Each structure stands twice: as structure tokens, then as C-alpha cells.
Amino acid sequence: MFNSYHQYKPGLELQDYVECIWIWKSDRDVFSLPQRLIPGGRMELMFNLADPMHWMVGNDCAQKFNQSAILMGQRDKIFYVQQKGRAEIAGIRFKPGGLSAFSKSYAKEFLNLVLPAEFVFGKGINDCLAQIAESDSDVYRVLTLEKFLVSLFKSESKHWKFINPAVEYIRNTPGQISIAALCEDQNTYYKKLERSFLECVGYTPKSYNRIVRFNQALRLLYKGKKSLTEIGYDCDYFDQSHFIKDFHLFTGTSPSQFVKESNYVAEFLVKNQPV
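When we follow this note's numbering, the leftmost residue of the sequence shown carries the number 2, and every step to the right adds one.
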């Protein structure tokens, strides 16, 4: 059985906006059962190069995408993905707010959506898909994706230099800072911060902070060295009930049930990407 996942650092001109370019290959039925995709605060542009993929948001009906380019928007609820057969996917993981350098659409429009990427980037993205589908070289695929992104660059959003430090502040202190303190640090008022976040990141600052904190808690859970009570305390949850509420929202189940189940993709991604 063959299963591989590689992340590639983007070129210098893309590093402010793109976290990584990644390629996943597997001849195993990794996705034969619905796999959880836990909200991580970013958008992903994905090129499916193998068998059809089925996406489901919460309890909604599944969407089917054949060999295609899709944009998965930022999420504040659990997603599921299923693919029976061979998997081969090339992806671009944008940093929070990073899509704003390549599209004039407001990020809030993509919350909890999976949609054909041509709706956002135009039909030229189908040419990019065809090029990487024809090649077996990961290096060629990465360079082709980088070239495509550079061709899309539209200059930073007017909010970027304001939003980027705020995003980093939250990522470095998840759950440990009040939004009022964040506004004071950024020398702004909440409504301005909220508008900028919704336009660039797609969340309110409070929602983004909540997702980052939960991912921190999930990492601690996977390490298996602390109790749920200790994890909740370490991640500054007000009480255990707030932690359990977030757990249900972002994973679709309880902590005790989650650790019993096989969550291969969720565990893999949480361990292999910063939030």
C-alpha cells in the first residue's frame, strides 16, 4: 500500500499569503468512509486528480466533484469528505486572509462552502488543472501552481497590513487574550476590526479566536498526557461545558466518542499544520 503527503514552502513572493502547497497520494481507501475535516481557520484550493470526491457540510446532502478544481472555504462547523478508490490531490493552503491577494471576493462569502474554483478564479484554472493532471512530477506541479497564483495576484487587500498582525496575535495567544485587548493592541475599535476580519479572513475575530483555541485543545488531546479538565483549563475555557460545546460543534461528536473512533485524516492534518 502506498500513502504519501508532502508540503512545499511557496516561493518568496507568495509566502505572505500561502502557507504551503501540498500533495497527497494514496492507493489505500483512506477516504472510503466519511472522514472528518475539522475547522482550521483557512481556505484551501484543491485539485482532485483521481476518483470522485464527496463533500458534506454537517448533516447537509453530499456534493460530488469529479476530477476538478475546488475551493473549500473557511469553516466554523464540521465537514466530511469521502472518496472510494485512489486518492491524488494537489492543494494550496492559504494563510488566514491570504486569499484576498488573489480574489476581490469577500472571504465571508465562502464560509462553510465547497464550490468549483472557476467560480472564483475564472476558467483559466481549468488549464492549470489539465497541466498538473498530465504530469507525474511533484516539482512540476508545485511550480505550475505557483505560476498560476502569481498570475492571479491582485495586490493586497487594503486591510491586509492591519489584519495580518491581528491574526498572528490570536494564533500566538489562542483563547488567552480578550478581543478588547486585541483592539487596544491594534489601536482600533471592535466594529472596524470585525469588518476587516470578515472581508479578509471570513470570520469575526471572536469566531476565529474560538477556532484557533479549539485546535490548540485538540493537539493537547492527541498527545494523550492530560485530562479533558486539564486541557480545558490550559486553553482558557470558562468551564468544561464550554469546551464540550465547542467539541460538538467542530467535530460533530463528544470527546469520549471522538477518541474511540478512527479519525485518520483529522488527526493527520491537525498534527501537520499550524493554526
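Cβ coordinates follow ideal geometry from the N, Cα and C atoms, glycine included.
Source: prediction; values computed, not measured.
Closest in alpha carbon position to Phe122, among Gln258, Ala267, Ser101, Asp235, is Ser101. In the DSSP assignment, Pro11 falls outside any beta strand (DSSP E), carrying neither H nor E. Here the alpha carbon of Gly41 sits roughly 12 Å from the alpha carbon of Met73.
Under the rule that a run must span 4 or more residues, the alpha helix (DSSP H) segments found entirely inside the segment 115-157 read 119-122, 125-135, 139-153.
Between Phe120 and Asn49, the alpha-carbon positions lie close to 16 Å from each other. Nearest to Phe80 by C-alpha distance, out of Ser179, His249, Asp137, Arg87, is His249.
The alpha carbon of Leu270 has as its nearest neighbour, out of Met57, Phe259, Arg220, Gly253, the alpha carbon of Arg220.
As computed with DSSP, Lys26 is found in a beta bridge with Ser5, Glu89. By the criterion of a C-beta distance shorter than 6 Å, Ile90 is surrounded in its chain by Trp25, Met47, Asn49, once the five residues flanking it on both sides are discounted. Secondary structure within the segment 157-243: the alpha helix (DSSP H) runs of 4 or more consecutive residues, fully enclosed, are 161-173, 180-186, 191-201, 206-224, 229-235 (chain order). In the three-state reduction of the DSSP assignment, Gln75 falls in the coil class, being assigned neither a helical nor a strand state. The beta carbon of Glu135 sits closer than 7 Å to none of the beta carbons in its chain outside the five residues before and after it. Contact check between the segment 207-220 and the segment 172-185: three or more CB pairs, one atom from each, fall below 8 Å, which counts as touching.
Burial of Phe95 is indicated by the presence of at least 16 other C-beta atoms within 10 angstroms of its C-beta. Between Gln75 and the set Ser104, Tyr238, Ala108, the nearest pair of CA atoms involves Ala108.
By alpha-carbon distance to Val260, the top candidate from Leu222, Cys236, Ile245 is Leu222. Distance from the CA of Gly12 to the CA of Ser263, rounded to the nearest whole angstrom, comes to 35 Å.
DSSP, reduced to helix, strand and coil, places Leu50 outside both helices and strands of the structure shown, so it counts as coil. Taking 8 Å as the cut-off, the Cβ atoms of Trp56 and Val115 count as close. Residue pairing by DSSP places Leu38 opposite Phe80 in a beta bridge. Taken atom to atom, the span from the alpha-carbon of Trp161 to that of Gly98 is near 7 Å.
Between Ile39 and Ala267, the gap from beta carbon to beta carbon is short of 8 Å. Linking Ile171 to Lys207 through their CA atoms gives a straight-line distance of about 10 Å.
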